[in-house]
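Read top to bottom, the protein sequences are chains A and B. Its first residue numbered 1, the first sequence is counted upward by one per residue in the working numbering. Its first residue numbered 465, the second sequence is counted upward by one per residue in the working numbering. Cβ coordinates follow ideal geometry from the N, Cα and C atoms, glycine included. See structure below.
Protein chains: 2
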Amino acid sequence: MAAPPQSKGRPALSAQSTAASLAPFHDWWAERHRNGHFRVERLAFRDLDSWSFEPGTGNLAHASGRFFTIEGLQVRENGLDTWSQPIINQPEIGILGIVVKEFDGVLHCLMQAKMEPGNINTLQLSPTVQATRSNYTQVHRGMSTRYLEHFTGPGRGRVLVDVLQSEQGAWFWRKRNRNMVVLVTGEVPVHEDYCWLSLSQIRQLHHVDNLVNMDARTVLACLSGLLPEEAPPPAADAFRDALLRSCRYREDGNGARHTSGEILSWFTEAKTRCDWTARLTPLADVSGWARDDEEIADAHQRHFRIIAIGVEAGTREVQRWTQPLLLPRGEGRAVFLVRPFDGVLHVLVHARQQYGLMDLVEMAPTVLLPPGAGVTAVRERWLRGALASGKGTVRYDQVLSEEGGRFYNALTRYQIIEVGEEYATDPPPDYCWMTVRQLSALLRHGHYLTIEARSLLACLHSLY
Amino acid sequence: MAAPPQSKGRPALSAQSTAASLAPFHDWWAERHRNGHFRVERLAFRDLDSWSFEPGTGNLAHASGRFFTIEGLQVRENGLDTWSQPIINQPEIGILGIVVKEFDGVLHCLMQAKMEPGNINTLQLSPTVQATRSNYTQVHRGMSTRYLEHFTGPGRGRVLVDVLQSEQGAWFWRKRNRNMVVLVTGEVPVHEDYCWLSLSQIRQLHHVDNLVNMDARTVLACLSGLLPEEAPPPAADAFRDALLRSCRYREDGNGARHTSGEILSWFTEAKTRCDWTARLTPLADVSGWARDDEEIADAHQRHFRIIAIGVEAGTREVQRWTQPLLLPRGEGRAVFLVRPFDGVLHVLVHARQQYGLMDLVEMAPTVLLPPGAGVTAVRERWLRGALASGKGTVRYDQVLSEEGGRFYNALTRYQIIEVGEEYATDPPPDYCWMTVRQLSALLRHGHYLTIEARSLLACLHSLY
Numbered sequence: 001m002a003a004p005p006q007s008k009g010r011p012a013l014s015a016q017s018t019a020a021s022l023a024p025f026h027d028w029w030a031e032r033h034r035n036g037h038f039r040v041e042r043l044a045f046r047d048l049d050s051w052s053f054e055p056g057t058g059n060l061a062h063a064s065g066r067f068f069t070i071e072g073l074q075v076r077e078n079g080l081d082t083w084s085q086p087i088i089n090q091p092e093i094g095i096l097g098i099v100v101k102e103f104d105g106v107l108h109c110l111m112q113a114k115m116e117p118g119n120i121n122t123l124q125l126s127p128t129v130q131a132t133r134s135n136y137t138q139v140h141r142g143m144s145t146r147y148l149e150h151f152t153g154p155g156r157g158r159v160l161v162d163v164l165q166s167e168q169g170a171w172f173w174r175k176r177n178r179n180m181v182v183l184v185t186g187e188v189p190v191h192e193d194y195c196w197l198s199l200s201q202i203r204q205l206h207h208v209d210n211l212v213n214m215d216a217r218t219v220l221a222c223l224s225g226l227l228p229e230e231a232p233p234p235a236a237d238a239f240r241d242a243l244l245r246s247c248r249y250r251e252d253g254n255g256a257r258h259t260s261g262e263i264l265s266w267f268t269e270a271k272t273r274c275d276w277t278a279r280l281t282p283l284a285d286v287s288g289w290a291r292d293d294e295e296i297a298d299a300h301q302r303h304f305r306i307i308a309i310g311v312e313a314g315t316r317e318v319q320r321w322t323q324p325l326l327l328p329r330g331e332g333r334a335v336f337l338v339r340p341f342d343g344v345l346h347v348l349v350h351a352r353q354q355y356g357l358m359d360l361v362e363m364a365p366t367v368l369l370p371p372g373a374g375v376t377a378v379r380e381r382w383l384r385g386a387l388a389s390g391k392g393t394v395r396y397d398q399v400l401s402e403e404g405g406r407f408y409n410a411l412t413r414y415q416i417i418e419v420g421e422e423y424a425t426d427p428p429p430d431y432c433w434m435t436v437r438q439l440s441a442l443l444r445h446g447h448y449l450t451i452e453a454r455s456l457l458a459c460l461h462s463l464y
Numbered sequence: 465m466a467a468p469p470q471s472k473g474r475p476a477l478s479a480q481s482t483a484a485s486l487a488p489f490h491d492w493w494a495e496r497h498r499n500g501h502f503r504v505e506r507l508a509f510r511d512l513d514s515w516s517f518e519p520g521t522g523n524l525a526h527a528s529g530r531f532f533t534i535e536g537l538q539v540r541e542n543g544l545d546t547w548s549q550p551i552i553n554q555p556e557i558g559i560l561g562i563v564v565k566e567f568d569g570v571l572h573c574l575m576q577a578k579m580e581p582g583n584i585n586t587l588q589l590s591p592t593v594q595a596t597r598s599n600y601t602q603v604h605r606g607m608s609t610r611y612l613e614h615f616t617g618p619g620r621g622r623v624l625v626d627v628l629q630s631e632q633g634a635w636f637w638r639k640r641n642r643n644m645v646v647l648v649t650g651e652v653p654v655h656e657d658y659c660w661l662s663l664s665q666i667r668q669l670h671h672v673d674n675l676v677n678m679d680a681r682t683v684l685a686c687l688s689g690l691l692p693e694e695a696p697p698p699a700a701d702a703f704r705d706a707l708l709r710s711c712r713y714r715e716d717g718n719g720a721r722h723t724s725g726e727i728l729s730w731f732t733e734a735k736t737r738c739d740w741t742a743r744l745t746p747l748a749d750v751s752g753w754a755r756d757d758e759e760i761a762d763a764h765q766r767h768f769r770i771i772a773i774g775v776e777a778g779t780r781e782v783q784r785w786t787q788p789l790l791l792p793r794g795e796g797r798a799v800f801l802v803r804p805f806d807g808v809l810h811v812l813v814h815a816r817q818q819y820g821l822m823d824l825v826e827m828a829p830t831v832l833l834p835p836g837a838g839v840t841a842v843r844e845r846w847l848r849g850a851l852a853s854g855k856g857t858v859r860y861d862q863v864l865s866e867e868g869g870r871f872y873n874a875l876t877r878y879q880i881i882e883v884g885e886e887y888a889t890d891p892p893p894d895y896c897w898m899t900v901r902q903l904s905a906l907l908r909h910g911h912y913l914t915i916e917a918r919s920l921l922a923c924l925h926s927l928y
């Protein structure tokens with residue numbers, strides 16, 4: 001077994017993010033792959049252990065009453081039931097936490113090589129702690145959560161980020177996780193599954209498909225607004241200059257197209273346009289979806305399926321468990337369109353209604369296509385045009401994974417496309433041009449940016 | 465009919481808030497009372513027009529599917545159903561809006577003399593616009609909403625406040641209203657039910673029982689954080705000096721006991737301590753409550769009742785309607801304990817769980833007693849002691865009304881009590897000392913302060 005790439009808790013990696021500086025990371029990563037043992041198999045629902053469909057409601061639940069349930073969502077418009085679907089209900093609030101520490105004046109994050117059953121490649125780069133409340137209060141009766149004391153203990157370090165943020169509004173019922181970053185100063189023993197990485201190293205890793213996991217991306221996005229951006233690199237081009245200005249300017253009216261007051265009012269207005277209400281309903285009452293021995297699926301085979309899996313995992317100790325997962329049909333797509341206004345990069349944000357969001361609407365990518373949908377699913381012609389190849393400058397284009405603990409191989413193509421100076425100067429009412437700094441500032445609070453928008457924000461910072 | 469106390473849209477009242485300066489207001493107010501006609505009578509449920517109990521669910525609903533419904537709330541803890549109760553479900557988002565305008569450099573609010581069936585005194589001072597979405601989209605088929613164009617029209621003035629804020633978490637299911645303030649510059653014709661009042665005049669009126677209504681209080685609280693506080697009055701005492709500093713200091717660490725980051729983290733932490741979930745359930749499934757011809761009440765007669773009323777109202781045109789209302793048993797009590805830390809007044813805020821709140825926890829008064837509960841209902845001895853007479857200095861003590869459109873004679877005794885310098889320097893985890901400025905800043909966003917805390921914040925500004 002190779003030693004982790006640090007000795008006595010210090011990173012062996014250089015803080016400079018050249019490709020060469022990441023060589024020790026890749027060695028460690030390959031070693032983690034070799035070291036881990038992980039096997040996932042599809043099961044029939046009847047082979048789930050401690051999970052069963054409740055009589056009456058038909059909800060799929062764990063015998064303990066904890067973890068999560070698969071229930072139904074019912075949407076109502078103008079007094080009429082319209083859309084219904086299965087939905088994951090996980091009311092408990094978990095922790096997604098990154099421990100950070102300065103080494104030689106450079107902030108480093110303690111990142112984890114973590115296996116999840118739904119990951120396409122088993123192992124992804126994850127926050128220091130990624131634990132549901134059931135996890136860390138040990139309903140699992142498994143191992144205790146490593147490094148948890150840095151987030152919950154009385155002697156924890158300085159809390160830089162601590163905010164509840166939403167997850168996929170199409171698949172989860174009002175789910176939130178606690179996004180945390182804690183700055184420590186003392187010695188932190190580094191377990192072999194963990195590694196110190198500087199922010200610029202992590203930014204480089206954002207350019208690898210399916211490596212930085214969803215939970216890491218959301219926490220890093222929340223952190224990004226708090227950090228002073230470094231001086232611009234010497235060979236800065238116009239795009240990076242505009243991005244830098246967009247990240248830096250703190251004050252309203254200083255290069256931003258809208259004041260923060262205008263943005264908040266625009267967002268409030270968007271919520272009042274929601275004419276629907278959504279509520280939980282028994283899974284048995286969901287119409288247009290059917291259950292057989294192995295999956296719950298919609299009759300038209302357009303949406304996701306709920307499946308059951310068995311997992312065998314471990315290094316020295318072997319853990320086995322079974323659980324339901326959500327399996328999307330194909331790959332999603334999330335795009336931020338960006339362009340400069342007077343030399344300051346702006347992001348075109350969409351106030352998007354989603355039935356599973358606690359507060360009806362959040363700020364979402366300019367375009368968010370559900371898995372399997374093609375560009376033809378974009379109804380707005382002015383948007384569809386910008387997605388056509390050759391129309392804009394593609395600044396970021398990677399396939400990244402959604403949460404592997406609840407979704408099976410859920411992949412999204414994340415893109416940042418720069419459009420021309422004349423594009424959508426006055427967009428329709430559900431859209432708003434905002435600076436990166438304005439988006440980051442909103443992440444001190446919950447209920448503003450969707451999980452996909454937070455992922456894209458982390459990606460945008462990787463272009464700096 | 466007397467002319468309203470202004471000519472050509474200008475306030476006849478002096479902006480100085482001496483008792484004499486309010487004489488024209490009181491004349492106008494008395495005239496509004498004489499002019500209005502309002503009769504409310506209790507009805508049996510079967511005499512409600514277009515309202516009925518749905519077969520199956522037993523929910524009390526309007527035939528149009530709009531307005532609101534009386535449904536059930538079911539709380540679940542650790543997999544077990546615990547508490548259930550009736551609850552008002554009103555998913556539509558209404559507007560509570562105040563038009564403001566400068567006259568001779570002094571900001572004035574266009575306030576309304578508005579009748580509500582549940583008001584103990586029929587008429588209370590209300591925002592310019594106070595309309596449910598059903599109101600202003602005219603599901604009522606009644607009159608159109610006066611001054612609505614200042615809040616929704618394309619040519620509206622400068623939006624100063626625009627935020628969704630919660631209402632009573634004990635009685636409403638996740639209800640929010642859109643709190644708005646719009647600054648206009650053009651001529652505004654003043655209808656006889658409306659009156660321009662300066663902020664200092666309104667502050668004086670906060671010292672009259674049951675005059676400034678709940679909807680006005682929440683909007684004024686949201687506005688308070690945006691306004692620069694005037695110079696301190698010449699005969700300022702230590703309390704007002706400390707209050708002034710508490711309102712003014714904008715920066716973290718400048719006299720505030722906690723940074724805004726610490727406050728947000730404290731609040732997030734409080735939410736993660738919620739071990740319950742709440743959901744809507746059919747009213748027929750609520751246990752421990754029974755319905756007879758005239759009311760829905762709990763068996764122990766400890767909580768509120770749901771009743772039915774008929775209303776006849778109008779000046780020239782007569783309107784008649786029927787509706788359900790919530791009738792509390794007795795008077796509630798809401799108290800902010802305040803004290804200076806190093807000469808800066810701090811408010812002791814309680815992170816309070818309420819089953820009807822969308823986000824589980826909001827920042828609430830230090831003490832919030834439900835209607836009819838005595839001080840003995842306060843379990844914490846350190847708090848109970850501070851409420852005993854003679855223990856603190858009572859800075860504010862008025863009985864104010866909760867929303868008269870949904871509640872019948874719902875009165876709350878609002879108090880601000882100054883405690884000594886040694887009091888609760890390090891309070892238990894659910895409590896936090898905050899400055900007025902810090903509370904006001906949070907009101908740019910929803911889900912932070914409860915409706916009762918916002919009322920108290922408006923009252924606190926009236927002491928300035």
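Closest by C-alpha distance to residue i, when choosing among the options
| i | options | result |
| --- | --- | --- |
| A:L326 | A:G58, A:T277, A:M434 and A:A170 | A:A170 |
| A:L43 | A:L337, A:P324, A:D275 and A:G374 | A:P324 |
| B:Q862 | B:F532, B:L875 and B:A850 | B:L875 |
| A:F25 | A:Q112, A:P282 and A:D81 | A:Q112 |
| B:I727 | B:R667, B:L906, B:G543 and B:A852 | B:L906 |
| A:Q319 | A:F38, A:L22, A:R279 and A:T218 | A:F38 |
| B:H925 | B:V900, B:W493 and B:R908 | B:V900 |
| A:V75 | A:C274, A:V181, A:G261 and A:H108 | A:C274 |
| B:W637 | B:L560, B:P893 and B:L821 | B:L821 |
| B:G910 | A:F267, A:I307, A:I416 and A:C459 | A:F267 |
| A:M434 | A:A242, A:E31 and A:N409 | A:A242 |
Cβ-based burial, residue i [other Cβ within 10 Å; buried from 16]
| i | result |
| --- | --- |
| A:R302 | exposed |
| A:A334 | buried |
| A:T272 | buried |
| A:W382 | exposed |
| B:H526 | buried |
| A:H300 | exposed |
| A:E167 | buried |
| B:S548 | buried |
| A:R178 | buried |
| A:T145 | buried |
| B:T810 | Looking at the sequence shown, residue 810 of chain B is not Thr but His. It counts as buried. |
Whole-angstrom C-beta distance between residue j and residue i, which should lie under 8 Å
| i | j | result |
| --- | --- | --- |
| B:G558 | B:R597 | 6 Å |
| B:V813 | B:Y713 | In fact, because the Cβ distance is near 17 Å, the residues do not count as touching under 8 Å. |
| A:S224 | A:L457 | 7 Å |
| B:R803 | B:G884 | 7 Å |
| B:V654 | B:I562 | 14 Å between Cβ atoms; not a contact. |
Contact list for residue i against chain C, beta-carbon separation under 7 Å
| i | result |
| --- | --- |
| B:N542 | Among the protein chains of the structure shown, namely A and B, there is no chain C. |
Can you list the beta strand (DSSP E) stretches of 3 or more residues lying completely in the stretch 855–928 of chain B, in chain order? 857–865, 875–882 and 895–898
I'd like to know if the stretch 449–459 of chain A and the stretch 352–371 of chain A are in contact, where contact means that at least 3 CB-CB pairs between them fall below 8 Å. yes
Contiguous beta strand (DSSP E) assignments of at least 3 residues, all confined to the stretch 249–306 of chain A: 276–281, 289–291 and 295–298
I want to know whether the stretch 645–660 of chain B touches the stretch 566–576 of chain B - three or more CB-CB distances under 8 Å. Yes: at least three Cβ pairs fall under 8 Å.
Count the C-beta pairs between the stretch 769–778 of chain B and the stretch 491–502 of chain B that are closer than 8 Å, then say yes if the count reaches three, no if not. yes
Output the residue ranges of the beta strand (DSSP E) runs that lie fully inside the stretch 63–90 of chain A and measure 3 residues or longer, sorted by chain position. 69–77 and 80–89
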